[in-house]
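Read through the structure below, which is laid out as structure tokens, and then see the notes.
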Amino acid sequence: MREPTSSKLRSVGTTIFTEMTALARRTGAVNLGQGFPDSDGPPAVLAAAQSAIAGGLNQYPPLDGLPELREAIAKTRLDHYGQQFGDIMVTAGATEAIAAVLIALCEPGDEVVVFEPYYDSYLANLAMAGAVRRPVQLRSEGSRFTFDPAELRAAITPKARLLLLNSPHNPTGKVFTREELDLIAQLCQEHDLIAVTDEVYEHLIYDGKQHIPLATLPGMAERTLTISSAGKTFSVTGWKVGWVCGPSPLVAAARKAKQFLTFAGGTPFHAAIAVGLTQEMGWVTRLRDDLQERRDRLRDGLETLGASVYPCEGTYFLQIDARSLGYADGIDLCQDLAVKGGVVAIPAQVFFDDTETGRRFVRFAFCKSDGVLNEGISRLSSFRSR
Ligand SMILES: *Cc1c(COP(=O)(O)O)cnc(C)c1O
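All residue numbers for the sequence shown refer to our numbering, where the first residue is 11 and numbers rise by one.
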């Protein structure tokens, strides 16, 4: 039989999260790999989903999502960031929003500028769209990750169509600054690029830092699609509710793809997330404060082990340099950590095109319960003594 996978998807492997979560199950290791929270979202939101099901909200929602959720999203964006949108479309998680946007907006051969390392679904979605990625590397400099403006300029060729920005950034924990966003906005306008922003960690930013949506910068609202996820904001990743907001013509294009990806789904969860956005943002602030403390606890544990830990301004991930623990390759460290140390982490090179540079990075998630996090830290401390 000929190779069943089409040439479009041949470069796409099994997602690393499936692999590492299976390794955690097999070895009984503590899973600090995949970034899903151990405790569920606000009780009022969980109850709202149950009563929506009991109350009969079990058939297809409208293609764009339940009106009450779309209204709650509009109000939240206005309250938090002063944003107003031509259109808002609810999706099956941020993942579907990103897929729909890339499939709908890219011609085969169009180039998409994306900061590396990048979330692994981007690579697969760009492949599905037939688009070509143009990575610009985020490098650790002093106390933060940043990029070289000349490298960004050079990545934008006449074939560039779109710039894909993730801030707060997974896996580096970087939050893009106003200055960096100003440059990105300027280049998008100069080269007539559409910006797509993945803001799924917009509320999980630490140390008093602020999230700045790229679409709020002058000249950007009309050329930006803004993507969020209720899964990350309310710790309900299994519900897969996300949304994309932007000017009507851009959302209309994404809708064409979305209607034949899933059409629509998750009706009772739309109702519940509407409750979350209108009543439970205080819960989200407490989640953020709690995560900041967990970040510090994990960082202390990793530093005690002798690891050099990169800064984390947002998201729920910390990265270390595998070389600081005597490993040239993060895959070898993750293998030893799982089998000998009883802790699963993610070799972050899977988020790189430039795996040579990516080899040193290992990512840990700290969105875990006290029991899991403390057990993980205690196992890490005995890993050193082997
Ligand atoms: C989790 C995550 C997503 C996917 O969000 P869902 O709502 O679960 O589909 C997208 N981008 C980044 C950077 C993520 O970490």
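Just so it is clear, CB atoms sit at the ideal spot from N, CA and C, and this is done for glycine as well. Note that this is a predicted model, so its numbers are computed, not measured.
* Looking at the structure shown, is C255 part of a helix, part of a strand, or coil, going by DSSP? -> strand
Quick one: grab the DSSP three-state call for Q199. helix
query: Among Q44, T24, G96, A34, which residue has its Cα nearest to the Cα of S4?
result: Nothing in the structure corresponds to residue 4, since the chain is present only between 11 and 396.
Check your understanding: Does the stretch 126–133 come close enough to the stretch 288–303 that 3 or more CB-CB pairs lie under 8 Å?
Key -> no
query: In or out: E232 buried (at least 16 other Cβ within 10 Å) or exposed?
result: exposed
Note to self: Let me check understanding here. Comparing Cα to Cα, which of Q269, V246, R305 lies closest to H280?
What the structure shows: V246
- [ ] Would you check if the distance between the CB atom of Y211 and the CB atom of N180 is smaller than 8 Å?
- [x] yes
Here's the rule: buried if 16 or more other CB atoms are within 10 angstroms of the residue's CB, otherwise exposed. What is S395? In this prediction, S395 has a pLDDT of 46, which is less than 50 and means its spatial position is unreliable; what the coordinates show is noted afterwards. The residue in question, S395, is exposed, as its Cβ has fewer than 16 Cβ neighbours within 10 Å.
Let me make sure I understand the geometry here. Which of S16, K378, G352, F376 has the alpha-carbon closest to that of S391? G352
* beta-carbon T247 near ligand 1 non-hydrogen atom, thresh 7 Å -> yes
Problem - Contact with chain B by I341, beta-carbon distance below 8 Å - result: Here chain B cannot be found, since the structure has a single protein chain.
| What's the call for F273, buried or exposed, on a 16-neighbour Cβ count within 10 Å? | exposed
Please return the same chain residues whose Cβ sits closer than 7 Å to the Cβ of V285, not counting the five positions on each side in sequence.
A54, V55, A58
Notebook entry, point to check: What are the start and end residues of each continuous alpha helix (DSSP H) run of 4 or more residues lying completely inside the stretch 183–242, in chain order?
Noted result: 188–200
Among A64, I98, P47, the one whose alpha carbon lies nearest that of P72
I98
| request: Going by CA-CA distance only, name the one from E190, F376, V382, G340 that's closest to F362. | output: G340
Could you check the C-alpha separation between G248 and R370 for me, to the nearest Å? 31 Å
- Return the residue from the list M138, A165, L33, C198 that minimises the CA-CA distance to L19. M138
Use the C-beta contact count for N68: other C-beta atoms within 10 angstroms, 16 or more gives buried, fewer gives exposed.
-> exposed
Helix, strand or coil for T31? Go by DSSP, reduced to three states.
helix
Practice prompt. Excluding the 5 residues preceding and the 5 following Y326 in the sequence, name in chain order all residues of the same chain whose CB lies nearer than 7 Å to its CB.
Written response: G45, L214, L301, A375, F376, C377
Next item on the list: Give the C-beta separation of G92 and T226 to the nearest angstrom, bearing in mind that I take them to be a contact with Cβ-Cβ under 8 Å.
Entry: 7 Å
Measuring only the C-alpha atoms, how far is Q201 from E209?
Note that residue 201 corresponds to His in the displayed sequence, not to Gln. Going by the C-alpha atoms only, they are around 23 Å apart.
With H, G and I counted as helix, E and B as strand and the rest as coil, what does DSSP make of D299?
helix
Between the CA atoms of L312 and S388 - distance to the nearest angstrom:
10 Å
What's the C-alpha gap between I108 and G183?
20 Å
| said: If distances are taken between C-alpha atoms only, which option among N41, P14, T31 comes closest to D380? | reply: N41
**Prompt:** Per the contact definition of three or more C-beta pairs closer than 8 Å, is the stretch 109–123 in contact with the stretch 170–178?
**Reply:** yes
Requested in this report: List the endpoints of the continuous alpha helix (DSSP H) containing P145.
Outcome: From DSSP, P145 is part of no alpha helix (DSSP H) but of the beta strand (DSSP E) over 142–147.
Taking C-alpha atoms, which residue in L148, R373, E161, P223 lies nearest to R412? Since the displayed the chain opens at 11 and closes at 396, residue 412 lies outside it and no answer follows.
**Message:** Is V210 near ligand 1 - that is, is its Cβ less than 7 Å away from at least one heavy atom of it?
**Reply:** yes
- For T101, which beta-bridge partners are listed by DSSP? G252
>> Taking the alpha-carbon of C116 as reference, which of F157, L260, T156, S153 has the nearest alpha-carbon?
In response: L260
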